[in-house]
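Residue numbers (our numbering): 104 to 484.
Each residue gets a CB set at the ideal place from its N, CA and C atoms; glycine is no exception.
One structure below.
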Ligand code: SF4
Ligand code: SF4
Ligand code: SF4
């Protein structure tokens with residue numbers, strides 16, 4: 104088994120880290136708590152640049168990074184998970200995934216929420232109102248209790264998607280996941296995933312934290328819902344819970360740890376330990392028996408590269424071999440927090456892993472030769 108080498112960070116990486124943390128912290132303080140840094144009564148437009156709010160610039164930068172990397176992966180057409188210098192072309196699965204990331208981020212998470220409304224606002228495009236913009240918060244689940252649209256999306260559309268595609272929403276669609284997937288294929292990012300993703304039993308046990316965040320979000324959502332129809336709760340209680348959510352979950356866990364921990368704990372800390380939507384998907388997955396899994400085959404040589412490539416800290420190799428003797432134990436959403444990113448499959452030099460659709464309790468195994476066909480098959484099941 105290949106053991107990960109100790110990380111030797113380069114000077115450029117240290118420089119990046121030294122600038123990165125204060126920048127993330129400063130941006131989020133300004134974004135979430137502008138009055139901490141502004142004098143009493145000051146206009147929020149102080150933070151605007153060329154008439155556009157910090158929220159707009161944050162999303163522009165975020166979208167540029169995600170779409171820029173996705174485009175680079177598609178144009179370069181190289182398997183970014185492979186460890187060898189000579190790389191195979193991008194698999195059809197990864198091509199479809201990065202195409203989805205590119206368009207969903209550009210249209211769904213940028214053009215629709217930030218460009219379209221600004222084109223119709225009073226005073227023109229470069230005249231944002233004096234607020235700092237809202238961050239898409241659907242992953243916190245509680246907005247489903249405030250809006251029918253978000254409710255239908257979270258409680259109907261996503262469970263149906265989980266039934267068909269497992270948690271691939273997290274690696275193909277979600278805005279937070281789009282950043283993790285794209286950073287995760289850059290040289291530094293893949294090193295952070297390989298060397299710093301928490302693995303082992305304790306790291307897995309700690310994933311229980313996500314259940315508490317989900318409970319908090321649902322209770323908060325119910326408080327908001329009942330407050331809306333004036334049945335229960337006081338404004339004070341709501342605002343205390345809102346502040347707790349804003350400070351501890353959104354600001355500290357989602358932003359500072361969620362993004363700031365990339366270089367220290369890999370790219371999916373928020374997705375494994377925080378995101379309530381992920382826990383919801385896991386629960387839906389148990390109920391609906393999500394219909395996709397990862398299946399090892401007899402080719403496995405026990406190299407362990409798949410475990411190192413998994414951003415969700417899953418010990419993929421333990422499903423593929425015991426003391427280098429291949430075993431064939433499939434795993435999916437019921438057993439693991441797998442998000443279907445395909446990294447373990449693409450990193451394996453001997454094609455020992457593949458996605459398989461689950462039909463009822465039966466597995467329909469797709470041969471590795473038919474890998475290019477497998478994605479189409481999966482989509483049509
Ligand atoms: S776990 Fe949550 S935040 Fe992460 S990609 Fe999935 S839905 Fe998005
Ligand atoms: S599945 Fe591939 S990468 Fe994983 S242990 Fe087996 S040979 Fe190594
Ligand atoms: S097990 Fe494989 S497909 Fe699932 S999250 Fe890990 S690397 Fe991605």
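Where does residue i land, buried or exposed, given buried means 16+ other C-beta within 10 angstroms?
{"i": "residue 231", "result": "buried"}
{"i": "residue 250", "result": "exposed"}
{"i": "residue 270", "result": "buried"}
{"i": "residue 113", "result": "exposed"}
{"i": "residue 408", "result": "buried"}
{"i": "residue 214", "result": "exposed"}
{"i": "residue 313", "result": "buried"}
{"i": "residue 388", "result": "buried"}
{"i": "residue 417", "result": "buried"}
{"i": "residue 320", "result": "buried"}
{"i": "residue 334", "result": "For residue 334, the predicted structure reports a pLDDT of 49, less than 50, and the residue's modelled location is therefore unreliable. A value from the coordinates is still provided. With fewer than 16 Cβ atoms within 10 Å of its Cβ, residue 334 is classed as exposed."}
{"i": "residue 220", "result": "exposed"}
{"i": "residue 358", "result": "buried"}
{"i": "residue 385", "result": "buried"}
{"i": "residue 311", "result": "exposed"}
{"i": "residue 224", "result": "exposed"}
{"i": "residue 142", "result": "exposed"}
{"i": "residue 459", "result": "buried"}
{"i": "residue 419", "result": "buried"}
Please confirm whether residue i and residue j have their CB atoms less than 8 Å apart.
{"i": "residue 369", "j": "residue 285", "result": "no"}
{"i": "residue 366", "j": "residue 118", "result": "no"}
{"i": "residue 281", "j": "residue 127", "result": "no"}
{"i": "residue 181", "j": "residue 192", "result": "yes"}
{"i": "residue 461", "j": "residue 395", "result": "yes"}
{"i": "residue 124", "j": "residue 361", "result": "no"}
{"i": "residue 379", "j": "residue 243", "result": "yes"}
{"i": "residue 450", "j": "residue 186", "result": "yes"}
{"i": "residue 534", "j": "residue 153", "result": "In this structure the chain extends from 104 to 484, so residue 534 is not present and cannot be described."}
{"i": "residue 189", "j": "residue 354", "result": "no"}
{"i": "residue 303", "j": "residue 247", "result": "no"}
{"i": "residue 147", "j": "residue 137", "result": "yes"}
Using a Cβ-based criterion (distance less than 7 Å to any ligand heavy atom), does residue i qualify as near ligand 4?
{"i": "residue 415", "result": "Inclusion of ligand 4 in the displayed structure is not the case, the ligand content consisting of ligand 1, ligand 2 and ligand 3 alone."}
Measure from the alpha carbon of residue i to the alpha carbon of each residue in the options, then state which is nearest.
{"i": "residue 130", "options": "165, 413 and 437", "result": "165"}
{"i": "residue 155", "options": "424, 426, 209 and 218", "result": "218"}
{"i": "residue 326", "options": "290, 260, 240 and 245", "result": "245"}
{"i": "residue 241", "options": "170, 233 and 257", "result": "257"}
{"i": "residue 432", "options": "399, 172 and 461", "result": "399"}
{"i": "residue 377", "options": "439, 356, 293 and 386", "result": "356"}
{"i": "residue 318", "options": "352, 144 and 342", "result": "352"}
{"i": "residue 306", "options": "264, 439 and 344", "result": "439"}
{"i": "residue 144", "options": "196, 263, 233 and 183", "result": "233"}
{"i": "residue 198", "options": "223, 255 and 184", "result": "184"}
{"i": "residue 264", "options": "383, 343 and 346", "result": "383"}
{"i": "residue 208", "options": "226, 178, 171 and 340", "result": "171"}
{"i": "residue 83", "options": "341, 195, 210 and 179", "result": "Here the chain covers residues 104 to 484 and nothing more, so residue 83 does not appear."}
{"i": "residue 412", "options": "254, 456, 426 and 427", "result": "456"}
{"i": "residue 216", "options": "150, 254 and 278", "result": "278"}
For residue i, which residues from the same chain have a beta carbon less than 7 Å from its beta carbon, with the 5 sequence-adjacent residues on both sides left out?
{"i": "residue 414", "result": "283, 287, 296, 300, 369, 370, 371, 444 and 446"}
{"i": "residue 115", "result": "none"}
{"i": "residue 132", "result": "139 and 140"}
{"i": "residue 291", "result": "116"}
{"i": "residue 273", "result": "280, 374, 381 and 442"}
{"i": "residue 424", "result": "403, 405 and 430"}
{"i": "residue 53", "result": "Examination of residue 53 is not possible in this model, given that the chain is present from 104 through 484 alone."}
Using C-beta distances below 8 Å, list every residue in its chain close to residue i, excluding the 5 sequence neighbours before and after it, in chain order.
{"i": "residue 174", "result": "205"}
{"i": "residue 110", "result": "294, 298 and 299"}
{"i": "residue 203", "result": "275 and 276"}
{"i": "residue 435", "result": "269, 388, 393, 395, 396, 397, 441 and 461"}
{"i": "residue 421", "result": "410"}
Once the 5 residues before and after residue i are set aside, which same chain residues still bring their CB inside 6 Å of it?
{"i": "residue 429", "result": "401 and 403"}
(request) Let me have the residue list for ligand 1: C-beta closer than 5 Å to any non-hydrogen atom, ordered along the chain. (result) 242, 273, 277, 279, 280, 374, 378, 380 and 381
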